[in-house]
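In our numbering, the protein residues as written are 69 to 697.
See below for the structure under consideration.
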């Protein structure tokens with residue numbers, strides 16, 4: 069059973085009696101005698117109230133809804149209230165109700181007098197709606213119903229069946245052959261040229277944003293879908309388990325004779341069944357045009373045991389398609405479920421076709437349908453029965469054809485836009501991943517460079533510290549031996565040479581003039597910090613000279629001069645080392661004096677005061693006022 073027909077009957081109290089049971093029986097008998105009877109199911113609701121109508125539509129999900137009863141033009145059709153009396157239902161309310169079922173119901177028949185108004189309103193949402201433009205006799209209504217469903221059961225289209233229904237009235241010489249009218253839902257209007265161009269501009273701008281990030285192949289895939297919007301071409305891709313008769317079904321859709329394989333565009337051969345980016349979707353065939361929209365059908369290799377190796381290709385084909393056909397004959401084996409899940413994950417309108425129904429028993433068809441509904445996110449109205457190349461008779465493809473056309477007319481180019489938007493979202497996600505990876509690599513590179521730089525600076529600092537210590541010890545020894553008057557000059561010379569060597573350790577190059585100026589600046593700043601004024605420095609010199617002039621304190625005077633010189637050179641060298649490490653900048657300390665001040669404050673006790681002879685510590689400390697530095 070594939071197509072559900074719901075009959076809704078109401079003959080309220082106080083209204084003329086109608087032979088509604090006879091009308092419903094005519095539908096049932098016509099279907100039972102048809103060759104396609106197994107494709108239909110009939111469900112009838114009697115004495116219908118508004119709640120009954122809504123619930124029946126929800127429960128049964130019918131393709132056809134057949135109302136038989138009374139109508140009264142503008143007032144509406146008549147259902148029953150809770151007491152069985154007439155209750156009018158207006159056109160707008162009916163239209164709003166059927167709007168909620170537009171994806172499942174394809175045809176509504178209002179076999180009631182003056183129901184054209186309601187038919188017109190409902191046809192805004194339902195593809196085919198049949199109404200009566202004036203009063204219709206009971207017998208004429210029954211004959212119309214009989215002719216209509218005889219044709220439906222024989223596999224004719226709804227429009228053909230409408231003509232058969234009218235003809236049935238005429239064959240009986242009954243009045244009213246011209247009373248039935250058919251209303252068709254207007255296809256979704258194509259975008260005005262200006263609106264289409266605006267959308268195309270937006271999409272092209274999105275692509276431009278990706279060009280510096282995505283690969284050329286990724287950009288080309290998105291561009292191809294955008295081009296399809298401009299060309300109004302909808303892509304339908306067919307997937308199927310090997311042996312399902314998919315290619316033969318597609319040939320029949322295109323109007324080719326499978327008994328003449330040399331004329332058929334879709335063939336089961338090695339080339340088509342190679343899963344590759346080139347072969348998998350290159351064999352598109354134009355099917356037909358609908359409202360200026362071109363439909364192109366693509367066949368893909370049969371799903372066999374090797375699909376696991378090519379799932380990415382299958383997924384890519386599904387992603388860039390607008391509609392998907394999945395064709396099966398037997399119950400889909402568990403081994404193929406991951407492949408089908410991957411295809412369905414593209415979230416495209418998917419029609420599941422149970423093919424070769426001429427070879428299946430009714431119980432097998434029911435089992436196939438149940439299996440699909442229970443294991444996959446497929447709606448019941450999207451499961452279609454077909455036989456692309458039956459052993460006898462013509463291909464059974466009418467329902468599949470109508471379902472595809474129904475989707476195209478309902479959605480139009482919005483199907484292509486959904487594919488574009490999905491591809492752009494995928495592109496955005498890929499771009500985000502690529503940018504995040506680039507940022508991660510950049511952070512790693514920067515961190516590596518920073519680590520290397522820190523390691524280089526740390527090694528340079530260690531070498532510089534050793535160098536400075538050597539110069540400081542040399543200065544200390546010289547100061548202890550050379551007369552005090554030339555100590556400052558000696559320190560200056562030693563320190564000048566030292567700065568050249570420190571700069572080389574850090575890979576920096578300084579000219580003589582710059583180095584000389586730095587030495588003067590540093591020594592001047594140091595003395596200013598430590599002594600504050602020339603008078604204080606003179607007192608320090610007098611203390612040192614007095615110690616040297618006394619035989620008992622001579623050694624203490626020498627030691628004091630040496631310790632002082634060591635501290636001077638150590639301070640100047642250490643501060644300059646930081647200057648080089650900061651790429652010849654004082655950094656946060658802003659000036660040579662501030663850098664020296666911080667060094668002196670931190671190191672004066674351990675490097676100078678604590679190393680002086682005990683006899684001199686108090687007088688030196690009082691002189692220099694360490695606490696004020």
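Note that CB positions come from ideal geometry on N, CA and C, so glycine has one too.
None of the values given here were measured: they were computed from a predicted structure.
Given residue i as reference, the closest of the options once Cα atoms are compared
{"i": "residue 474", "options": "288, 77, 517 and 131", "result": "131"}
{"i": "residue 231", "options": "221, 245 and 398", "result": "245"}
{"i": "residue 587", "options": "568, 86, 222 and 302", "result": "568"}
{"i": "residue 191", "options": "213, 162 and 207", "result": "162"}
{"i": "residue 143", "options": "186, 542, 104 and 166", "result": "186"}
{"i": "residue 193", "options": "107, 175, 578 and 268", "result": "175"}
{"i": "residue 211", "options": "688, 201, 247 and 188", "result": "247"}
{"i": "residue 196", "options": "405, 182 and 178", "result": "178"}
{"i": "residue 521", "options": "184, 265 and 648", "result": "648"}
{"i": "residue 169", "options": "494, 221, 411 and 447", "result": "447"}
{"i": "residue 140", "options": "80, 167 and 203", "result": "203"}
{"i": "residue 382", "options": "495, 308 and 645", "result": "308"}
{"i": "residue 370", "options": "311, 421 and 424", "result": "311"}
{"i": "residue 430", "options": "82, 107, 77 and 671", "result": "107"}
{"i": "residue 103", "options": "145, 480 and 218", "result": "218"}
{"i": "residue 385", "options": "363, 368 and 397", "result": "368"}
{"i": "residue 445", "options": "423, 424, 414 and 263", "result": "414"}
{"i": "residue 146", "options": "532, 114 and 288", "result": "114"}
{"i": "residue 71", "options": "596, 87 and 99", "result": "99"}
Reduced DSSP category for residue i - H, G, I as helix; E, B as strand; rest coil
{"i": "residue 103", "result": "coil"}
{"i": "residue 684", "result": "helix"}
{"i": "residue 306", "result": "strand"}
{"i": "residue 472", "result": "helix"}
{"i": "residue 455", "result": "strand"}
{"i": "residue 148", "result": "strand"}
{"i": "residue 226", "result": "helix"}
{"i": "residue 576", "result": "coil"}
{"i": "residue 554", "result": "The pLDDT assigned to residue 554 is 43, lower than 50, so where the model puts this residue is not dependable; a value taken from the coordinates is nonetheless given after this. Looking at residue 554 - three-state DSSP - the assignment turns out to be helix."}
{"i": "residue 325", "result": "coil"}
{"i": "residue 184", "result": "helix"}
{"i": "residue 98", "result": "helix"}
{"i": "residue 281", "result": "coil"}
{"i": "residue 83", "result": "coil"}
{"i": "residue 690", "result": "helix"}
{"i": "residue 162", "result": "helix"}
{"i": "residue 117", "result": "coil"}
{"i": "residue 436", "result": "helix"}
{"i": "residue 342", "result": "Because residue 342 carries a pLDDT of 40, less than 50, the predicted location of this residue cannot be relied on, and the following value inherits that uncertainty. Note: residue 342 maps to coil in three-state DSSP."}
{"i": "residue 568", "result": "helix"}
{"i": "residue 495", "result": "helix"}
{"i": "residue 350", "result": "At residue 350 the pLDDT is 42, less than 50, meaning the model places this residue with poor confidence; the figure from the coordinates comes in the next sentence. Residue state, collapsed to three classes: coil."}
{"i": "residue 536", "result": "helix"}
{"i": "residue 169", "result": "coil"}
{"i": "residue 265", "result": "helix"}
Those residues which DSSP pairs with residue i across a bridge
{"i": "residue 112", "result": "75"}
{"i": "residue 208", "result": "Paired residue(s): none; residue 208 is not in a bridge."}
{"i": "residue 301", "result": "362"}
{"i": "residue 199", "result": "249"}
{"i": "residue 136", "result": "77 and 179"}
{"i": "residue 484", "result": "The partner list for residue 484 (beta bridge, DSSP) is empty, contrary to what the question assumes."}
{"i": "residue 243", "result": "According to DSSP, which records beta bridges pairwise, residue 243 is partnered with nothing at all."}
{"i": "residue 463", "result": "In the DSSP output, where bridge partners are listed per residue, residue 463 has none listed."}
{"i": "residue 422", "result": "396 and 453"}
{"i": "residue 157", "result": "145"}
For residue j and residue i, believed in contact at Cβ under 8 Å, the rounded distance
{"i": "residue 499", "j": "residue 281", "result": "4 Å"}
{"i": "residue 436", "j": "residue 460", "result": "The Cβ separation is near 21 Å, so there is no contact."}
{"i": "residue 294", "j": "residue 488", "result": "6 Å"}
{"i": "residue 323", "j": "residue 457", "result": "That pair is no contact at about 13 Å."}
{"i": "residue 304", "j": "residue 366", "result": "7 Å"}
{"i": "residue 205", "j": "residue 249", "result": "With 8 Å as the limit, residue 205 and residue 249 do not qualify as a contact, their Cβ atoms being about 16 Å apart."}
{"i": "residue 125", "j": "residue 75", "result": "Wrong, their Cβ atoms sit about 12 Å apart, outside the cutoff."}
{"i": "residue 704", "j": "residue 543", "result": "Look at the range of the chain in this structure, 69 to 697, and you will see that residue 704 is not part of it."}
{"i": "residue 91", "j": "residue 173", "result": "The pair is not a contact, with the Cβ atoms about 20 Å apart (cut-off 8 Å)."}
{"i": "residue 641", "j": "residue 536", "result": "3 Å"}
{"i": "residue 469", "j": "residue 321", "result": "7 Å"}
{"i": "residue 675", "j": "residue 628", "result": "Going by Cβ atoms, the distance from residue 675 to residue 628 rounds to 13 Å, so no, they are not a contact pair."}
{"i": "residue 152", "j": "residue 80", "result": "6 Å"}
{"i": "residue 290", "j": "residue 578", "result": "About 57 Å; that fails the 8 Å criterion."}
Would you list, in sequence order, the uninterrupted alpha helix (DSSP H) runs of no fewer than 4 residues that lie entirely inside the stretch 367-420? 379-387 and 405-412
What are the complete beta strand (DSSP E) segments, minimum 3 residues, inside the stretch 630-680? none
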